[in-house]
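Read the structure below first, then the notes.
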Amino acid sequence: MVPHLTREVGLEGIATLTEPSRNWSRRTTYFAIARMTVPSLTSRALTALRSATAFEHAQLDRLSPLTRDGLDGEGYVAHVERVLGWMRPMEKALWQGPLTATLPVALDPSRRNVKSDWLAYDLASAGFSAQAITDLPDCPYITPPRDLAECFGMTYVMEGATLGGAFLLRTLADRLPNHSLVWLNGYGDNTGRLWKQFLRALDTYVVTERDITAAAQSAQYSFQSFRRWVIDGANQMQE
Ligand code: HEM
0 MVPHLTREVG
10 LEGIATLTEP
20 SRNWSRRTTY
30 FAIARMTVPS
40 LTSRALTALR
50 SATAFEHAQL
60 DRLSPLTRDG
70 LDGEGYVAHV
80 ERVLGWMRPM
90 EKALWQGPLT
100 ATLPVALDPS
110 RRNVKSDWLA
120 YDLASAGFSA
130 QAITDLPDCP
140 YITPPRDLAE
150 CFGMTYVMEG
160 ATLGGAFLLR
170 TLADRLPNHS
180 LVWLNGYGDN
190 TGRLWKQFLR
200 ALDTYVVTER
210 DITAAAQSAQ
220 YSFQSFRRWV
230 IDGANQMQE
């Protein structure tokens, strides 16, 4: 079941800020202010995850086709194909792997295991058959999590992508009026609430130095696999 697409992302902390501009350099300020709005949820684990992945996130922001001025519907769909190829094995490793039964209820797995469906929905709306979607190649660089800390590191990246989606939706909805943007809409009005719920679980379960380091490394690796498969892989196919 794919939620109804809405332009109101309802992401607390973002809603009060200025409209996103086509000038992407302004995003840094936007990002920094948004982060400052929930200081009580900034755990040691979150600080470590952010600092371990800041470079990778900035690279994605700069290199993603979604932040290019010339993005059109075809470009969006091609990008979604690549993201699905990354998300599918990520979700499988996380939500259908050997550790799945041990994941805390606070992580709300059944609520979060929906992102491949969002991506598939956008592709189906663009004319892909169910078989064509199944046949899309999957990223081979995903390694299954070895413990709960690594599960949190991977979840951080996948859930964080919904924040970026909410931001991008505000600009791209006008530019791509005839395309389904369910992936960018993410949890819609619930995006902020689910992010905070994740941050609270992170604060509860990722506490020791060892676990914080493991989560940060896993998050960094997840970003790198995204970069390699979605960005570099798409560029190689065009050459
Ligand atoms: C390509 C364009 C992207 C843009 C413009 C973008 C933008 C943003 C913005 C504005 C936020 C801050 C939201 C907030 O703090 O409330 C954010 C957070 C985040 N994004 Fe992105 N994003 C992009 C892509 C991605 C991708 C592809 C991933 C993952 C593969 C990702 C992972 C994250 C994570 C983990 C956070 C949470 C950071 C934190 O608060 O600790 N982003 N992004």
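Residue numbers for the sequence shown follow numbering that gives the first Met the number 0, beginning at 0 and rising by one.
Even for Gly, the Cβ is constructed at its ideal location relative to N, Cα and C.
Alpha helix (DSSP H) segment containing residue i, residue limits
i: residue 84; result: 72-94
i: residue 228; result: Note, residue 228: premise wrong, no alpha helix (DSSP H); not H, not E.
i: residue 204; result: 190-204
Status (buried if at least 16 other CB within 10 Å, exposed otherwise) for residue i
i: residue 234; result: exposed
i: residue 97; result: exposed
i: residue 133; result: exposed
i: residue 22; result: With a pLDDT of 39 at residue 22, under the threshold of 50, the predicted position of this residue should be treated as unreliable, though the coordinate-derived value follows. Under this definition residue 22 is an exposed residue.
i: residue 109; result: exposed
i: residue 142; result: exposed
i: residue 50; result: exposed
i: residue 139; result: exposed
i: residue 236; result: exposed
Cα-Cα separation, residue i to residue j
i: residue 95; j: residue 66; result: 32 Å
i: residue 31; j: residue 104; result: Caution is warranted here: a pLDDT of 38 is assigned to residue 31, below 50, making its placement in the model unreliable, and the coordinate value is therefore given only provisionally. So the alpha carbons of these two residues sit roughly 30 Å apart.
i: residue 60; j: residue 223; result: 13 Å
i: residue 208; j: residue 137; result: 33 Å
i: residue 127; j: residue 68; result: 25 Å
i: residue 130; j: residue 122; result: 11 Å
i: residue 156; j: residue 83; result: 14 Å
Contact under 7 Å by Cβ, residue i with residue j
i: residue 86; j: residue 114; result: yes
i: residue 275; j: residue 162; result: This structure cannot settle anything about residue 275, because the visible part of the chain is limited to 0 through 238.
i: residue 81; j: residue 229; result: yes
i: residue 168; j: residue 189; result: no
Item to check | Residue ranges of each beta strand (DSSP E) within the stretch 147-171, 3 or longer | outcome: Fully enclosed beta strand (DSSP E) runs of 3 or longer: not present.
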